[in-house]
Amino acid sequence: QEANIVPIVEPEVIMDGAHSLKDCYEVSELVLRALYQHLAEQGVHLEGTILKPNMIVSGTKHATQAGVAEVAQATIKCFNENVPHAVAGIVFLSGGQSDIDATAHLDAMNRLGTHPWALSFSFGRALQAAPLKAWGGESDNVKAAQAAFAHRAKMNGLAAQGKWQSSLEN
């Protein structure tokens, strides 16, 4: 901040493994509490920070995958309890979720009502997977890849407003 740079703080509980949604919640809670304790000790101005975390999801190898509403509710509950309202915004990692899952989860969180922070996205794989597949390394496929990227960006933009619908994916 002293150098006029906005700190993007990126704690991530990865979704690899067999952990439950509850396990992800509990570990994320510990990480967020420790993070904000350390930021306070360092005198970081929270209004000038952006949080870039994982969503609260079941591990990829867990027998039961949490549904969209459950992920949204757990994520918002965890963040309401552990992220200071002074934080400027939260931009979620897709963290290995599928394109559609990451978009659906973000949309569901934004549909839960007003939050103390803007909830948006900073997706890598969930933005790039479809364009890379469309491109396939072939120069003839560049326009298709660009269209796929524009579509994913539009879908996630709608999700950040709570206006995405799965029917828009067809």
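Sequential numbering of the sequence shown, starting at 7, is according to our numbering. The beta-carbon is built from N, C-alpha and C at its ideal position, and this holds for glycine as well.
In this chain, the beta strand (DSSP E) harbouring serine 126 covers 124 to 127. Between alanine 114 and alanine 78 a beta carbon distance of about 4 Å is seen, short of the 8 Å cut, so the two are scored as contacting. When the Cα atoms are used, glutamate 47 and alanine 40 turn out to be separated by approximately 11 Å. Judged by their CB atoms, leucine 57 and isoleucine 11 are not nearer to each other than the 7 Å cut-off. In the same chain as aspartate 22, and ignoring 5 residues on each side of it, the C-beta atoms closer than 8 Å to its own belong to Gly65, Thr66, Lys67, Gly102, in chain order.
For histidine 51, the number of other beta carbons within 10 angstroms of its own is below 16, and it is reported as exposed. Considering only Ser104, Lys83, Asp146, the residue with the shortest C-alpha distance to threonine 120 is Lys83. In this structure, valine 37 sits near proline 17, with a CB-CB distance shorter than 7 Å. Burial of isoleucine 62 is indicated by the presence of at least 16 other C-beta atoms within 10 angstroms of its C-beta. Taken through DSSP and simplified to helix, strand or coil, valine 12 comes out as coil. The beta carbon of aspartate 105 is closer than 7 Å to those of Ala132, Ala135, Ala136, Arg158 in its chain, skipping five residues each way along the sequence. Across the structure, asparagine 116 and glutamine 167 are spaced so that their CA atoms are roughly 6 Å apart. Look at leucine 52 here: in three-state DSSP terms it is helix. Here glutamate 35 really is in contact with asparagine 88; their C-beta atoms are around 5 Å apart, less than 8 Å.
Each of Phe98, Leu112, Gly54, Leu164 was checked against the Cα of alanine 92, and the nearest Cα belongs to Gly54.
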